[in-house]
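In this note's numbering, the protein residues as written are 115 to 740.
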């Protein structure tokens, strides 16, 4: 037995304890056996040596791929005018430099492989030599290492035929010494259930596959660890595909998960069953529905409004499932010059050319107007149609204790007439808080995280009881989802504040939205605030009535119960603390009720877009009868 195989067997025994699935953990020796039969020449990752001609022929015959190629070359040309990244941290992170390097290597590298233009090769080589010369890739924040290792691994593999031996050695040593080996000392991420697991395993696997013939034992170890531990985070997609960290981190974690899968398939001919993990292929439906007709995300947890960028991973899902409708949101973006040439172009976008199905047709209208996902962070989406002016409402359950979560359990957003009316302030830049000394990552009930305005209860579209935060330990399931309506049981996130609580939303046939809360107080009077964020101008027109106006359009805000509610506008800008980010152009509209002890209370709000022209309020039925 070869020495490295024997060492891999020992490592495999250790890794077995971290395998999520019921099947046996992947033995590094099994990986090592495959590595003895690598494809004979570089490149191997994603696009094999000699496959450029076939890709070029596909591009020539496919207008959509021609658009993608034009975007690729435009970004590569922009990169020619830049200088290589330098090792300058922002706070404790090198991450922006790692991401920039990866974007440049992918764009320049694929542009060179498709055109043969030497300037692309030389600029990519310069980027790789620069990062290889860094003292380290910042292992104290391992995401930085993971993305830099991905950049160096892809660059080493793709440019290998044109690199001289000293440059090959320089890059290979950097991948091993600054990427792979540090992961043996800092691998707590491999036991996590969040995006770090996906990103770090993806980056390490790409680097390992790139240098596998030179470092077979180390490569086998990296690959086995990835296959055995990434299911810990992939389990979060189960059962339906909802992603607990919100849509922004879906893009991050899921894209790297697809990179891991396609890297393994392209070099080893198998993904070891990763793509078959429960909920993973289904998560494409989650991402399809999480973008409202306004073009914005339902941006719960640490997510911005987003939604404007193309999601490269969605093209892989659409091809794997042979369901083009998954690309409904992305298709229009392909026709937008801005989306293909802006500086916001995604760093993984070059992989679109490799992941898109041959002769991808314009997608048909998605078949479903509602979608519900359970799991760690249950979410539900309802829309009146797939046109831009459709009405849309989304709601979430879950828990503030989830990774990247906010105190937003029961929060909703609402679109109509092409605009977002009920909104979410989103996340705040981490470095702005960390540099101010805020301990951002605590999850205790009294953690400093919840003092950040955008993260706490008071800035979200939820009930707030006696000015208190929601309970971190609480968990709110979706208890009903059908016929354009959803009910979330929020009782446990208000434990010690209310005896019971539920929130329901319904998208009616007339395109209006109802938000209905039912709760019972404890043995004391309570002050309960109902509020929602909006970018619209608000004019209170009477008891329980207001008109919201933006972009020349308006929406009627009606409190149906209690009908005499005294509406108020709650300021969001300037925010309470100097360390809080500003929220220019936003405000909250809402009202308060003060029910007595052990009293049942119902709150019903109707949101009526101008295009709905609803003449009167709907009949109100208890949530139990929905």
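All C-beta atoms, glycine included, are put in the ideal place defined by N, C-alpha and C.
Between residue i and residue j, is the Cβ-Cβ spacing less than 8 Å?
{"i": "residue 541", "j": "residue 563", "result": "no"}
{"i": "residue 156", "j": "residue 274", "result": "yes"}
{"i": "residue 641", "j": "residue 722", "result": "no"}
{"i": "residue 503", "j": "residue 407", "result": "yes"}
{"i": "residue 234", "j": "residue 225", "result": "yes"}
{"i": "residue 506", "j": "residue 529", "result": "yes"}
{"i": "residue 646", "j": "residue 704", "result": "yes"}
{"i": "residue 602", "j": "residue 592", "result": "yes"}
{"i": "residue 244", "j": "residue 202", "result": "no"}
{"i": "residue 477", "j": "residue 442", "result": "yes"}
{"i": "residue 612", "j": "residue 636", "result": "yes"}
{"i": "residue 607", "j": "residue 526", "result": "no"}
{"i": "residue 750", "j": "residue 390", "result": "Missing from the structure shown is residue 750; the chain here goes from 115 to 740 and no further."}
{"i": "residue 271", "j": "residue 207", "result": "no"}
{"i": "residue 369", "j": "residue 462", "result": "yes"}
{"i": "residue 585", "j": "residue 615", "result": "no"}
Of the residues the options, which one's Cα is nearest the Cα of residue i?
{"i": "residue 549", "options": "694, 373, 724 and 199", "result": "694"}
{"i": "residue 632", "options": "624, 655, 645 and 604", "result": "604"}
{"i": "residue 419", "options": "724, 634, 355 and 360", "result": "360"}
{"i": "residue 362", "options": "412, 513 and 372", "result": "412"}
{"i": "residue 246", "options": "215, 232 and 231", "result": "215"}
{"i": "residue 718", "options": "701, 737 and 193", "result": "737"}
{"i": "residue 617", "options": "623, 624, 607 and 629", "result": "629"}
{"i": "residue 358", "options": "417, 555 and 343", "result": "417"}
{"i": "residue 622", "options": "331, 600, 161 and 289", "result": "600"}
{"i": "residue 306", "options": "346, 461 and 281", "result": "346"}
{"i": "residue 253", "options": "212, 227, 284 and 285", "result": "212"}
{"i": "residue 291", "options": "260, 308 and 364", "result": "260"}
{"i": "residue 228", "options": "512, 164, 720 and 486", "result": "164"}
{"i": "residue 287", "options": "409, 329 and 173", "result": "329"}
{"i": "residue 392", "options": "355, 415, 425 and 487", "result": "355"}
{"i": "residue 466", "options": "324, 183 and 596", "result": "183"}
{"i": "residue 311", "options": "266, 262 and 371", "result": "371"}
{"i": "residue 139", "options": "364, 302, 387 and 403", "result": "387"}
{"i": "residue 595", "options": "487, 193, 475 and 422", "result": "487"}
{"i": "residue 508", "options": "536, 726 and 531", "result": "536"}
{"i": "residue 545", "options": "672, 269, 204 and 483", "result": "204"}
{"i": "residue 551", "options": "231, 513, 739 and 692", "result": "692"}
Indicate the three-state DSSP secondary structure (helix, strand or coil) for residue i in the structure shown.
{"i": "residue 349", "result": "helix"}
{"i": "residue 644", "result": "strand"}
{"i": "residue 221", "result": "helix"}
{"i": "residue 357", "result": "coil"}
{"i": "residue 411", "result": "strand"}
{"i": "residue 487", "result": "strand"}
{"i": "residue 566", "result": "coil"}
{"i": "residue 561", "result": "coil"}
{"i": "residue 456", "result": "Only weak support is given to the placement of residue 456: the predicted model assigns it a pLDDT of 46, under 50, and the value that follows is read from those uncertain coordinates. Coil at residue 456, not helix or strand."}
{"i": "residue 528", "result": "strand"}
{"i": "residue 160", "result": "coil"}
{"i": "residue 535", "result": "strand"}
{"i": "residue 145", "result": "helix"}
{"i": "residue 653", "result": "strand"}
{"i": "residue 335", "result": "helix"}
{"i": "residue 379", "result": "helix"}
{"i": "residue 403", "result": "helix"}
{"i": "residue 511", "result": "coil"}
{"i": "residue 632", "result": "strand"}
{"i": "residue 434", "result": "helix"}
{"i": "residue 369", "result": "helix"}
{"i": "residue 661", "result": "strand"}
{"i": "residue 735", "result": "coil"}
{"i": "residue 324", "result": "helix"}
{"i": "residue 627", "result": "strand"}
Using beta carbons (cut-off 8 Å, strictly below), is residue i in contact with chain D?
{"i": "residue 721", "result": "No chain D appears in this structure, which consists of one protein chain only."}
Task: Stretch pair the segment 501–518 + the segment 649–657: three plus CB contacts closer than 8 Å - done: Taking 8 Å as the limit for Cβ pairs, the verdict is that the segment 649–657 does not touch the segment 501–518.
Open item on the list: My parser needs the alpha helix (DSSP H) runs of 4 or more residues fully inside the segment 668–722; what are they?
Closed with: The qualifying runs do not exist here; there are none.
TODO: Would you check if the segment 335–347 and the segment 467–482 touch, i.e. whether three or more CB-CB distances between them fall below 8 Å?
DONE: As far as the Cβ criterion goes, the segment 467–482 does not touch the segment 335–347, which means the pair count is below three.
Open item on the list: With three or more beta-carbon pairs closer than 8 Å as the criterion, would you say the segment 346–360 touches the segment 486–495?
Closed with: Segments in contact, yes.
- [ ] Would you check if the segment 314–333 and the segment 362–382 touch, i.e. whether three or more CB-CB distances between them fall below 8 Å?
- [x] In short, these stretches touch, since the Cβ pair count reaches three.
Open item on the list: Within 8 Å, do at least three Cβ pairs link the segment 220–229 to the segment 277–285?
Closed with: Verdict: no, contact absent.
Open item on the list: Pairs of beta-carbons, one from the segment 289–306 and one from the segment 175–188, closer than 8 Å: are there three or more?
Closed with: When Cβ pairs closer than 8 Å are counted between the two stretches, the segment 289–306 is seen not to touch the segment 175–188, the count staying below three.
- [ ] Entirely within the segment 166–209 and at least 4 residues each: give me those alpha helix (DSSP H) ranges in chain order.
- [x] Segments of the alpha helix (DSSP H) lying fully in the segment 166–209: 166–174 and 177–194.
TODO: Give a yes or no on contact between the segment 675–688 and the segment 655–662, applying the rule of three or more CB pairs nearer than 8 Å.
DONE: Contact between the segment 675–688 and the segment 655–662 is established, with three or more Cβ pairs separated by less than 8 Å.
Task: alpha helix (DSSP H) runs contained entirely in the segment 262–307, provided each spans 4 or more residues - done: 279–288 and 296–299, all fully within the segment 262–307.
- [ ] Kindly provide the ranges of any beta strand (DSSP E) runs that are 3 or more residues long and lie completely inside the segment 579–622, ordered along the chain.
- [x] Counting only runs of 3 or more residues that sit fully inside the segment 579–622, the beta strand (DSSP E) segments are 592–596, 599–603 and 612–621, in chain order.
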